[in-house]
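Numbering (this note's numbering), first residue to last: 598 to 750.
A virtual CB, placed ideally from N, CA and C, is assigned to each residue, including glycine.
Structure first, commentary second.
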Ligand code: C2G
């Protein structure tokens, strides 16, 4: 009788924080089901993703500790998925602590520590700095600053 673990996420710009969480969750059982938020569902979360859903789903499915990747299309599908996959444990990172306690009537609910110092948001910030238009803005600003410095020389 396999012990099924379930989680959900956007997994944009897949990074080691996501991997740590998925591996920690897999260690709690034998079979890990991961719901990957669709682009439409993310729009509802107010989340702008860089990597399209199809690619995020493929990447998560390819992760060794993941047994099944499924689309996450609504907040409400969790109960359905818990029943469909006979889930023993639902788990999320600790930033969601308390948000899914109502699922305790269906299965165990755990919140695991997040990996500090990395997030898709911070990676997007880094990418923005490398973005060409942003570099042009920085060059323009440097031109203005050097003109001011010259006047004081
Ligand atoms: N996470 C983590 N450490 C990080 C970043 C993320 O442990 N440094 C965890 C989050 O706590 C979450 C999972 O990785 O459990 C996926 O994170 P996101 O892709 O940001 O997922 P989110 O947008 O929070 O979507 O229905 C639940 C939502 O779909 C969760």
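- The beta carbon of residue 711 sits closer than 8 Å to the beta carbons of 614, 618, 690, 691 and 692 from its chain, once the five residues preceding and following it are set aside; these are given in chain order.
- With a contact defined as Cβ atoms closer than 8 Å, residue 630 and residue 668 miss out at about 12 Å.
- Of the candidates 743, 694, 675 and 600, the residue whose Cα lies closest to the Cα of residue 625 is 600.
- When only Cα atoms are considered, residue 638 and residue 750 end up about 56 Å apart.
- Residue 744 sits exposed, since fewer than 16 C-beta atoms from the chains shown fall within 10 Å of its C-beta.
- The DSSP assignment places 684 to 690 and 705 to 709 as complete runs of the beta strand (DSSP E) inside the stretch 683 to 749, in order along the chain (cut-off: 3 residues).
- With a contact defined as Cβ atoms closer than 8 Å, residue 676 and residue 688 miss out at about 16 Å.
- Taking 8 Å as the cut-off, the C-beta of residue 605 counts as close to a heavy atom of the ligand C2G.
- Under DSSP, the beta-bridge partners assigned to residue 633 are 606 and 668.
- Each of 650, 598 and 627 was checked against the Cα of residue 606, and the nearest Cα belongs to 650.
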